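At position 17 of the sequence shown the residue is numbered 17 (the UniProt record's numbering), and the sequence of numbers has no breaks.
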Amino acid sequence: MARSGSRWLAYPCVTINPIDERLLTKWTCKEVSMYRTNLHMYIGMYLGVCINTTKTIAGSYDMANTTSNLVAELTQYFNTRHLYPSAAWLQSFVSTIRPNTPLPALKQTALFRLLAADITNTLTPTTSSSVFPRNILDADIELRQLTGPIVCQVLHLEDIGLSRWAQVEAIEAQERGEATRGREVIRVIENETDGSTITPVLQSKGPFKLLLQDAKGAQVYALELNGIHGISSNMSMGAKLLLRNVQVRRAVVMLEAPHVQSLGGKLDSLDNAWKQARKNRLTNAAKSYAGSAS
Numbered sequence: 001m002a003r004s005g006s007r008w009l010a011y012p013c014v015t016i017n018p019i020d021e022r023l024l025t026k027w028t029c030k031e032v033s034m035y036r037t038n039l040h041m042y043i044g045m046y047l048g049v050c051i052n053t054t055k056t057i058a059g060s061y062d063m064a065n066t067t068s069n070l071v072a073e074l075t076q077y078f079n080t081r082h083l084y085p086s087a088a089w090l091q092s093f094v095s096t097i098r099p100n101t102p103l104p105a106l107k108q109t110a111l112f113r114l115l116a117a118d119i120t121n122t123l124t125p126t127t128s129s130s131v132f133p134r135n136i137l138d139a140d141i142e143l144r145q146l147t148g149p150i151v152c153q154v155l156h157l158e159d160i161g162l163s164r165w166a167q168v169e170a171i172e173a174q175e176r177g178e179a180t181r182g183r184e185v186i187r188v189i190e191n192e193t194d195g196s197t198i199t200p201v202l203q204s205k206g207p208f209k210l211l212l213q214d215a216k217g218a219q220v221y222a223l224e225l226n227g228i229h230g231i232s233s234n235m236s237m238g239a240k241l242l243l244r245n246v247q248v249r250r251a252v253v254m255l256e257a258p259h260v261q262s263l264g265g266k267l268d269s270l271d272n273a274w275k276q277a278r279k280n281r282l283t284n285a286a287k288s289y290a291g292s293a294s
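And the structure:
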């Protein structure tokens with residue numbers, strides 16, 4: 001690129017101001033050579049910055065695109081299980097994962113973390129049928145049916161199939177490390193196995209009364225009518241249940257095996273506090289009942 005009385009020095013994306021030819025005639029060959037060398041170096045640095053910036057922008061786009069695809073994959077994975085985590089929870093989870101982690105492993109990790117979290121902070125109800133009705137505690141309504149599916153978590157469990165003193169004795173036997181092998185009561189030693197089946201001294205079959213909470217924080221009592229896998233005196237507090245087509249009789253949810261699915265999970269702080277206080281709670285309730293009866 002030329003101009004009368006001056007010289008344009010131009011490169012792709014870069015244009016250097018014109019240099020007066022008369023100045024060049026006053027420079028020595030060495031000065032002109034140094035000028036051109038420095039000019040080429042600066043232009044090379046500039047072009048390098050342009051290329052790196054372009055790569056950074058492209059890399060950022062790829063990362064954002066990958067994150068968006070991963071969030072979409074996890075959303076679909078959860079939705080097929082009737083779990084609807086909030087966008088904030090999904091973004092928070094994706095930001096903590098390690099690069100190059102296989103997708104199946106990511107899905108399992110995400111499910112584990114979601115089930116170990118409080119659903120009032122993580123799930124976003126999509127329809128009114130995915131949570132308990134606002135008047136769920138209206139005892140004047142004799143019978144109604146909730147189609148669901150409703151995801152809820154267990155806040156409390158009470159064994160109404162055993163007396164409170166029997167439950168206290170079972171807890172104390174467990175504290176002593178006692179269990180049964182057949183009809184024999186034995187003391188369980190850690191890491192001791194001989195192939196025989198060892199069970200707790202007293203194993204209750206229920207029924208159980210539970211306190212349930214949905215994603216909006218509504219709480220309601222539920223009664224287990226028959227044996228349901230995952231519901232027992234040893235279940236963890238904060239465990240998640242999926243309810244479909246359950247009946248509600250005078251503000252109490254009726255739990256039957258075909259309509260209840262245990263999803264697992266727990267809330268560590270709630271579970272630890274509940275288990276630590278369980279023995280004292282049962283003892284005090286038994287003493288109070290004995291005092292009122294006498």
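All C-beta atoms, glycine included, are put in the ideal place defined by N, C-alpha and C. Note that the coordinates shown come from a computational prediction; the quantities given were computed from them, not determined experimentally.
Exercise. Closest to residue 154 by CA distance: which of 240, 144 and 291 is it?
Worked result: Looking up residue 154 in the sequence shown gives position 154. Comparing Cα-Cα distances from residue 154 to each of 240, 144 and 291, the minimum goes to 240.
For this session: Alpha carbon to alpha carbon, how far is residue 164 from residue 156? Give it in angstroms, no decimals.
Result: Reading the sequence shown from its first residue, position 156 is the one you call residue 156. Reading the sequence shown from its first residue, position 164 is the one you call residue 164. Distance between the alpha carbons of residue 156 and residue 164: 15 Å.
For this session: Tell me whether residue 287 sits in a helix, a strand or coil according to DSSP, three-state version.
Result: On the sequence shown, residue 287 is found 287 positions in, with the first residue counted as 1. The three-state secondary structure of residue 287, taken from DSSP, is helix.
Exercise. Hey, which unbroken runs of the beta strand (DSSP E) at 3 residues or more fall wholly within the stretch 135 to 189?
Worked result: 144 to 146, 150 to 159, 178 to 181 and 184 to 187
Exercise. Among the residues of its own chain, which have a CB less than 8 Å from the CB of residue 147, if the five just before and after it don't count?
Worked result: By 1-based counting over the sequence shown, the position of residue 147 is 147. These residues qualify, in order along the chain: 129, 244 and 245.
Exercise. Rounded to the nearest angstrom, how far is the Cβ of residue 168 from that of residue 220, given a contact under 8 Å?
Worked result: In the sequence shown, residue 168 corresponds to position 168, counting from 1. In the sequence shown, residue 220 corresponds to position 220, counting from 1. That pair is no contact at about 28 Å.
For this session: Assign residue 224 to one of two classes, buried (16 or more other C-beta atoms within 10 Å of its C-beta) or exposed (fewer than that).
Result: Along the sequence shown, one-based indexing puts residue 224 at 224. It is buried - the Cβ of residue 224 has at least 16 other Cβ atoms within 10 Å.
For this session: Throw me the rounded Cβ distance for the residue 267 and residue 230 pair, which I believe falls under 8 Å.
Result: To locate residue 267, count along the sequence shown from 1; it is residue 267. To locate residue 230, count along the sequence shown from 1; it is residue 230. The Cβ separation is near 16 Å, so there is no contact.
For this session: Could you pull the start and end residues of the beta strand (DSSP E) that residue 243 belongs to?
Result: For this step, residue 243 is matched to residue 243 along the sequence shown. Residues 240 to 243.
For this session: Taking the CB atoms as reference points, tell me whether residue 120 and residue 251 lie closer together than 8 Å.
Result: For the purposes of this step, residue 120 is taken as the residue at position 120 of the sequence shown. For the purposes of this step, residue 251 is taken as the residue at position 251 of the sequence shown. Not closer than 8 Å, so no.
For this session: May I ask you to report which of helix, strand or coil DSSP gives residue 114?
Result: As a working mapping, residue 114 is identified with position 114 in the sequence shown. Residue 114 falls in the helix class under three-state DSSP.
Exercise. Do residue 264 and residue 115 have their C-beta atoms within less than 8 Å of each other?
Worked result: Reading the sequence shown from its first residue, position 264 is the one you call residue 264. Reading the sequence shown from its first residue, position 115 is the one you call residue 115. Pairing residue 264 with residue 115 gives a Cβ-Cβ distance under 8 Å.
Problem set entry | Reduced DSSP secondary structure (H/G/I, E/B, other) of residue 258 | Residue numbering aside, residue 258 sits at position 258 when the sequence shown is read from its first letter. In the structure shown, residue 258 sits in a helix (DSSP, three-state: H, G or I).
For this session: Could you tell me which uninterrupted beta strand (DSSP E) segments, each at least 3 residues in length, are contained entirely in the stretch 207 to 254, listed from first to last along the chain?
Result: 208 to 214, 219 to 224, 240 to 243 and 246 to 249
Exercise. Given residue 171, which residues of its chain have a CB within under 8 Å of its CB, disregarding the five upstream and five downstream residues?
Worked result: Reading the sequence shown from its first residue, position 171 is the one you call residue 171. Exclusion of the five residues before and after residue 171 leaves 278, 279 and 282 as the residues of its chain whose Cβ lies within less than 8 Å of its Cβ.
Exercise. Would you call residue 291 buried or exposed, if buried means 16 or more other Cβ atoms sit within 10 Å of its Cβ?
Worked result: On the sequence shown, position 291 is the one that residue 291 refers to. By the 10 Å Cβ count, residue 291 comes out exposed.
Problem set entry | Beta-carbon gap between residue 151 and residue 123 smaller than 8 Å | As a first step, residue 151 is located in the sequence shown; it is residue number 151 there, counting from the start. As a first step, residue 123 is located in the sequence shown; it is residue number 123 there, counting from the start. The answer is yes: Cβ separation under 8 Å.
Exercise. Does the beta-carbon of residue 236 have 16 or more other beta-carbons within 10 angstroms, so that it is buried, or is it exposed?
Worked result: As a working note, residue 236 is residue 236 in the sequence shown. Burial call: buried.
For this session: Please say whether residue 143 and residue 249 have beta carbons closer to each other than 8 Å?
Result: Numbered from 1 along the sequence shown, position 249 holds the residue referred to as residue 249. Numbered from 1 along the sequence shown, position 143 holds the residue referred to as residue 143. It is a contact, given that the beta carbons lie within the stated cut-off.
Exercise. Taking Cβ to Cβ, would you say residue 103 is nearer than 8 Å to residue 90?
Worked result: The residue you call residue 103 lines up with position 103 of the sequence shown. The residue you call residue 90 lines up with position 90 of the sequence shown. No, they are not a contact pair.
Exercise. Under the three-state reduction of DSSP, which class applies to residue 85: helix, strand or coil?
Worked result: Residue 85 sits at position 85 when you count from the first residue of the sequence shown. Reduced to three states, the DSSP call for residue 85 is strand.
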